[in-house]
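Only one structure is covered here, and it is reproduced in the block below.
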Amino acid sequence: MRDAVIVDAVRTPVGRRRGALAGVHPAELSAHVLRALAERTGFDPAEVDDVVWGCVSQAGEQAANIARTAVFAAGWPVSVPATTVDRQCGSSQQAVHAAAAGVIAGHYDVAVAGGVESMSRVPMGTARQDGRPVPPSVLERFGVDGFNQGIGAEMIAAKWGLSRQRLDEYSLASHEKAAAAIDSGALDGQLAPLPGLLDADEGVRRGGTMSKLAALPAAFREDGVITAGNASQISDGAAALLITTSEHARVRGLLPVARVHTAVLAGDDPVMMLAAPWPATARALRKAGLGIDDIGAFEVNEAFAPVPLAWLAETGARPERLNPLGGAIAVGHPLGGSGAILLTRLVHHMRDNGIRYGLQTMCEGGGMANATIVELL
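Numbering-wise (the numbering used here), the sequence shown opens with residue 650 and increments by one.
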């Protein structure tokens, strides 16, 4: 029976909006991790059956199938095809699902999955500037004037009784964990630095305090609890993973890191929008035949602090296993690249610490979530 294994995973350091990576075209960011992946593993790019790439704002420099442009920019053979997918924030996690499915089905022997977003060069919402993507019939169905993730985060905080102080405490801890991971060298093996530009995640703030966070204004409601301090940062970055079968890896002399054990999806209320990770997690565990305590590490995207905190309350997972290297509140959330960035962080953390099972999930626009369980090899 065919399986899907991750031979290696690599990511750029994540740059702040208008920061160190703002001058880099998103196709060049993508090309950087594609080349790094080939150099680290020694595989021949000519053997790649497809590059499946996540990107959310497919406009401007990220339009016209950026995956294919990235292949050209990487200097890979023109025989290597590529496609770009959009499942909102989960786009590159979906790219991994699609690549793994293609490998298991026998459509591919070797695939590369990943994603990119340059939010400095292609601002969030660029693709919507020419019209409203949601027709009146959909707004009428749900009784709203529009869909807003920030309002969804406020709704989650209210429903799960999460105070501003609790959200800020979580956010401060995210920065502290990310800084500790950088200082300990825990991230070194997963990074492809950009010499002269950026060699570590740029958004991590050191020396933060609760009083500094408390001074920030609410971003979405006058009396709200969501601020720039307890939400993910707007960022630039990319990541790539090499996916093949165990047999093909053996024949080619490649040593896989992890197996894609289970991959599922879930849909939920599009108004609250951000709550699908908990049903996705439950579905993944049922499908895998595992319990929550069987999972040694979780990556739950920190789009807003209420999301991982409500996820903890719903799943009963051990808090110390959640986002052990910090999360998007500290590191940043380059939309279409985040799924692959999180999975890169997860598989390296599992390998470094001998953790058998890891689970990743992230909320997505439209009220969806991907969940992926990976098994260390």
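Every residue, glycine too, gets a C-beta built ideally from N, C-alpha and C.
Given the structure is predicted, the values throughout are model-derived calculations rather than measurements.
The three-state reading of DSSP puts A887 in strand, counting E and B together. Residue state for S679 is assigned as helix, using DSSP reduced to three classes.
Checking the DSSP bridge columns, you'll see N1019 partnered with L914 and M1011.
For V701, the number of other beta carbons within 10 angstroms of its own is at least 16, and it is reported as buried. The C-alpha of L788 is placed about 32 Å away from the C-alpha of V745. DSSP places S706 in the coil class of the three-state scheme, outside both helix and strand. Considered as a whole, the segment 774–803 harbours 785–791 as its complete alpha helix (DSSP H) runs of no fewer than 4 residues, in chain order.
G976 is not a Cβ neighbour of V996, given a cutoff of 9 Å.
In this structure, I990 is the residue among N1019, I990, E818 and E696 with its C-alpha nearest to the C-alpha of D850.
When only Cα atoms are considered, R1000 and P785 end up about 49 Å apart. Taking the Cα positions, F947 is about 24 Å away from T894. Here V697 is buried: its Cβ has 16 or more other Cβ atoms, across all protein chains shown, within 10 Å.
Taking C-alpha positions only, G1015 is separated from H982 by approximately 17 Å. DSSP places F692 outside any beta strand (DSSP E), giving it a letter other than H or E. In chain order, A658, R660, Q839 and A888 place their CB closer than 6 Å to the CB of T993, counting only its own chain and leaving out the 5 sequence neighbours on each side.
P726 and A695 do touch by the CB rule: their CB atoms are close to 5 Å apart, below 8 Å. According to DSSP, D699 shares a beta bridge with A760. In the pairwise beta carbon analysis, the segment 920–929 is classified as touching the segment 1010–1026: at least three pairs are separated by under 8 Å. Judged by beta-carbon spacing, G764 lies within the 9 Å limit of S741, meaning their Cβ atoms are closer than that value. A Cβ-Cβ contact shorter than 9 Å links M859 with L821.
Residues V654, I655, V656, S895, A898 and L1026 of the same chain have their beta carbon placed closer than 7 Å to that of P905, with the five preceding and five following residues left out of the count. DSSP places L974 outside both helix and strand once states are collapsed to three, so it counts as coil.
Under DSSP, L1025 forms a beta bridge with A907. The Cβ neighbour count for V853, taken over all protein chains shown within 10 Å, is at least 16; the residue is labelled buried.
Where E825 is concerned, there is no enclosing beta strand (DSSP E), although the alpha helix (DSSP H) around it starts and stops at R813 to S833.
Judged by beta-carbon spacing, A1020 lies within the 9 Å limit of R932, meaning their Cβ atoms are closer than that value. DSSP places E851 in the coil class of the three-state scheme, outside both helix and strand.
DSSP places R1000 inside the alpha helix (DSSP H), whose first and last residues are L984 to N1002.
For the set R813, A749, R736 and R781, the Cα lying nearest the Cα of L958 is the one of R813. The beta carbon of D735 sits closer than 8 Å to the beta carbons of G703, C704, V705, Q707 and G985 from its chain, once the five residues preceding and following it are set aside; these are given in chain order.
In the structure shown, R736 adopts extended strand secondary structure according to DSSP, grouped into three states.
Bridge partners of L843 according to DSSP: L847. Following the DSSP letters along the chain, one finds R660 inside the beta strand (DSSP E) bounded by residues V654 to R660. Non-local beta-carbon contacts of F869 in its own chain, meaning distances under 8 Å to residues more than five positions away in sequence, involve N797, G799, I800, A802, E803 and I875 in chain order.
Taking P955 as the centre and dropping the five residues before and after it, the same chain places the C-beta of A802, I805, A806 and L811 closer than 6 Å to its C-beta, in chain order. The beta carbon of A830 is closer than 7 Å to those of L836, L974 and G975 in its chain, skipping five residues each way along the sequence.
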